[in-house]
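Chemist: For the sequence shown, the working numbering gives the first residue as 6, with consecutive numbering after it.
Where is the CB? At the ideal position from N, CA and C, for every residue including glycine.
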Amino acid sequence: MPANPSPEHYPVLEELFDINQHHLNVIGVGHPSLDRLCRVTASHGLHSKLTGAGGGGCGITLLRPDTTPQAVEAAKRDLCACGFECWETDIGAPGVTLHSSSSLKAQVLQALAAPG
């Protein structure tokens with residue numbers, strides 16, 4: 006997926022958020038408060054998931070570029086009414102990056118090759 010997803014990528018990202026949240030619940034790191042956060046944002050057509058180490062501390066909601074400020078404010082209002090704090094942020098770094106072994110310094114290669 007490109008660094009700057011286009012509108013047609015967002016349905017895939019939303020589905021991945023939902024799948025990931027389900028998997029996190031299955032492995033036991035979910036929390037009822039995160040389930041509630043997901044229900045509240047879903048009622049506004051948004052997709053959320055746990056972020057961090059789990060246990061109910063923090064969640065993240067994906068906003069499409071066409072999400073209106075009114076929709077964001079309505080979701081925030083409902084989340085605050087449930088006792089959640091909301092912070093808006095941008096994500097400006099790539100996710101997973103693949104580096105070839107030829108780009109690694111000798112020190113790193115030695116550490117990776119060392120027996121466990």
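Within its chain, find whatever has a CB closer than 8 Å to the CB of L51; leave out the 5 residues flanking it on each side and keep chain order.
Modeler: Reading the sequence shown from its first residue, position 46 is the one you call residue 51. T66, L67, L68, T72, A76 and A80, listed in sequence order.
Chemist: Going by DSSP, which residues form a beta bridge with I32?
Modeler: Translated into the one-based positions of the sequence shown, residue 32 becomes position 27. None; I32 has no bridge partner.
Chemist: If we count the other Cβ atoms within 10 Å of its Cβ and call it buried at 16 or more, is Q115 buried or exposed?
Modeler: Position 110 of the sequence shown holds residue 115. Q115 comes out exposed.
Chemist: May I have the straight-line CA-CA distance separating E78 from I32, to the nearest angstrom?
Modeler: Within the sequence shown, numbered from 1, the residue matching residue 78 stands at position 73. Within the sequence shown, numbered from 1, the residue matching residue 32 stands at position 27. The straight-line gap from Cα to Cα measures roughly 32 Å.
Chemist: Quick one: complete beta strand (DSSP E) runs, 3+ long, within the stretch 50-98?
Modeler: Listed in chain order, the complete beta strand (DSSP E) runs (minimum 3 residues) inside the stretch 50-98 are 52-55 and 64-67.
Chemist: Within 10 angstroms of its Cβ, does G88 collect 16 or more other Cβ (buried), or is it exposed?
Modeler: Here the question's residue 88 lines up with position 83 in the sequence shown. Classification for G88: exposed.
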